[in-house]
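Quick note on numbering: full-length UniProt numbering labels position 6 of the sequence shown as 6, and the sequence is numbered without any gaps.
All residues carry an ideal CB built from backbone N, CA and C; glycine is no exception.
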Amino acid sequence: MVDTNTAVRAPEASNPHEACKAVVETLARIGDKWTVMVVGALSQGPIRYNEIHRRVEGISQRMLTLTLKGLEQDGLVTRTMYPTIPPRVDYELTELGRSLIVPLKTLAEWARENRPAMLAAREAFRTRG
1 MVDTNTAVRA PEASNPHEAC KAVVETLARI GDKWTVMVVG ALSQGPIRYN
51 EIHRRVEGIS QRMLTLTLKG LEQDGLVTRT MYPTIPPRVD YELTELGRSL
101 IVPLKTLAEW ARENRPAMLA AREAFRTRG
């Protein structure tokens, strides 16, 4: 009789360094001063540049342009030009961009809940010397 049983190996765990690298790169993309606020402004649906600028208090036009370009480059935002006079341009989250909303809300909730403890720990560390 021939043995037809073949050992099946579990898929190897992905390289932890590569997993960390992916997280670091993602946090670098969304962790700057303006990206989360721009994504939040876009979370309601397509809007024009000036409306984003109004919703994201304190952002300069240059930083808004750079942030939108970065989000577009990474596939999180689409830019649609309409052939009208004056020209109209709408920005909208892609499916990938919309998939970021729930994790950002979860992170925001965690930050709100844990900020007091973190501030207290910082103060304790600072006064400790």
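Membership of Glu-92 in the beta strand (DSSP E) is indicated by the continuous run 88-93. Taking C-beta separations shorter than 8 Å and ignoring five residues to either side along the sequence, the partners of His-53 in its chain run Ile-59, Gln-61 and Leu-64, following chain order. Looking only at Leu-119, Val-38 and Ala-19, the smallest Cα-Cα distance to Arg-55 is reached by Val-38. When the alpha-carbon of Leu-100 is set against those of Trp-110, Pro-83, Leu-76 and Ala-117, the nearest one is in Leu-76. By the criterion of a C-beta distance shorter than 7 Å, Val-36 is surrounded in its chain by Ile-30 and Leu-104, once the five residues flanking it on both sides are discounted. Distance from the CA atom of Thr-78 to the CA atom of Leu-107, rounded to whole angstroms, is 24 Å. Our two residues, Asn-114 and Lys-69, have alpha carbons roughly 32 Å apart in a direct line.
DSSP lists Glu-92 as the bridge partner or partners of Thr-78.
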